[in-house]
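Numbering that gives the first Met the number 0 applies: residue 0 is where the sequence shown begins, and numbers increase by one. Using N, Cα and C, we set each Cβ at its ideal position, and we do this for glycine too. Remember, it's a predicted structure, so these values are computed and weren't measured experimentally.
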Amino acid sequence: MKFLADVFPVLLFFVAYKIQGIYVATGVAIGAALLQVGWQWIRHREVQTLHLVTLGLLIVFGGLTLLLHDKTFIMWKPSVINWLFALVFFGSLFVGDKPLIERMMGHSIDVPERIWRRLNHAWVLFFLVMGGLNLVVAWRFFTAEKALTLATGAHQIDLKRCEALFDGQSLDLCLHARAMEEDWVNFKLFGMMGLTFAFVILQAFYLARHMKESPNET
Numbered sequence: 000m001k002f003l004a005d006v007f008p009v010l011l012f013f014v015a016y017k018i019q020g021i022y023v024a025t026g027v028a029i030g031a032a033l034l035q036v037g038w039q040w041i042r043h044r045e046v047q048t049l050h051l052v053t054l055g056l057l058i059v060f061g062g063l064t065l066l067l068h069d070k071t072f073i074m075w076k077p078s079v080i081n082w083l084f085a086l087v088f089f090g091s092l093f094v095g096d097k098p099l100i101e102r103m104m105g106h107s108i109d110v111p112e113r114i115w116r117r118l119n120h121a122w123v124l125f126f127l128v129m130g131g132l133n134l135v136v137a138w139r140f141f142t143a144e145k146a147l148t149l150a151t152g153a154h155q156i157d158l159k160r161c162e163a164l165f166d167g168q169s170l171d172l173c174l175h176a177r178a179m180e181e182d183w184v185n186f187k188l189f190g191m192m193g194l195t196f197a198f199v200i201l202q203a204f205y206l207a208r209h210m211k212e213s214p215n216e217t
């Protein structure tokens with residue numbers, strides 16, 4: 000249930016995109032994130048920092064997307080979030096006596112300090128890579144959209160209406176841009192979720208290898 004709650008805004012974004020496009024999906028995601036935070040507060044009288052940060056960035060980047068009718072902002076958001084998390088995990092190595100991953104999991108798992116530090120570094124690298132991968136996928140759309148704009152002279156094109164708006168080469172460019180946009184949406188849900196799940200599984204195996212080692216070992 001917690002996993003479904005965490006991905007609730009992303010799932011609704013995906014469904015709304017398939018039905019009405021990226022701008023409606025962005026508004027739906029903002030609403031879903033607000034509901035998520037509100038529900039947490041009603042039930043527990045506290046809200047997870049992760050959800051607050053995600054909501055704040057979603058309001059900023061999603062709001063700019065809707066206000067300026069520019070998809071660039073919402074597509075940059077996952078990279079910014081991942082890079083921010085990378086910075087927080089990295090900074091935790093210098094603030095306090097424990098890395099962040101140990102503070103999160105140390106109450107239930109007993110492994111040497113060096114293992115926690117290695118794992119914390121692994122999460123820093125993971126978040127950096129995830130942010131980069133999102134930008135690579137998004138950049139393919141930015142390039143395709145720019146080519147379409149240059150060829151047609153049109154801005155803010157409804158990519159769901161390519162067949163009605165264009166023909167010939169312009170239609171091909173529009174269909175290509177739509178495919179790149181769909182690739183990004185699919186990556187945002189399936190790619191990022193799948194990679195995160197795989198990394199968590201690898202983390203579990205790594206921790207299992209060291210759980211019987213002495214916590215005092217250096």
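| Asked | Found |
| --- | --- |
| For P111, which three-state DSSP category applies? | coil |
| From V184 to K70, what does the alpha carbon distance come to, in whole angstroms? | 12 Å |
| Give me the Cα-Cα distance between L124 and A163, rounded to the nearest whole angstrom. | 44 Å |
| Which class does A15 belong to by DSSP, given the choice of helix, strand or coil? | helix |
| Please report the distance separating the alpha-carbon of D166 from that of I200. | 47 Å |
| Please list, in chain order, all residues of the same chain as I108 whose beta carbon is under 8 Å from its beta carbon, the five residues on each side excluded. | L206 and M210 |
| How is M0 classed by DSSP in three states: helix, strand or coil? | Low per-residue confidence applies at M0: pLDDT is 47, beneath 50, and the placement is therefore not dependable, though the value from the model is reported in the following sentence. DSSP places M0 in coil when its eight states are reduced to three. |
| Decide if the stretch 168-186 is in contact with the stretch 139-153; the criterion is three or more beta carbon pairs, one per stretch, under 8 Å apart. | yes |
| Can you tell me which of the three DSSP states E45 falls into? | coil |
| Tell me, please, whether the stretch 34-50 touches the stretch 19-26 by the rule of three or more beta-carbon pairs shorter than 8 Å. | no |
| Between K76 and F60, how many whole angstroms is the CB-CB distance? I'm expecting something under 8 Å. | 4 Å |
| If you follow the alpha helix (DSSP H) that Q202 is in, where does it begin and where does it stop? | M191 to H209 |
| Alpha carbon to alpha carbon, what distance is there between Q155 and H68? | 7 Å |
| For K17, count neighbouring C-beta atoms within 10 Å of its own C-beta (all shown protein chains included) and say buried if the count is 16 or more, exposed if not. | exposed |
| Is the CB-CB distance between L33 and L54 below 8 Å? | yes |
| Once you ignore the five residues that flank M129 on each side, which residues in its own chain have a CB closer than 7 Å to its CB? | N81, M191 and L194 |
| Rounding to the nearest angstrom, what Cα-Cα distance links F126 and V52 in this structure? | 15 Å |
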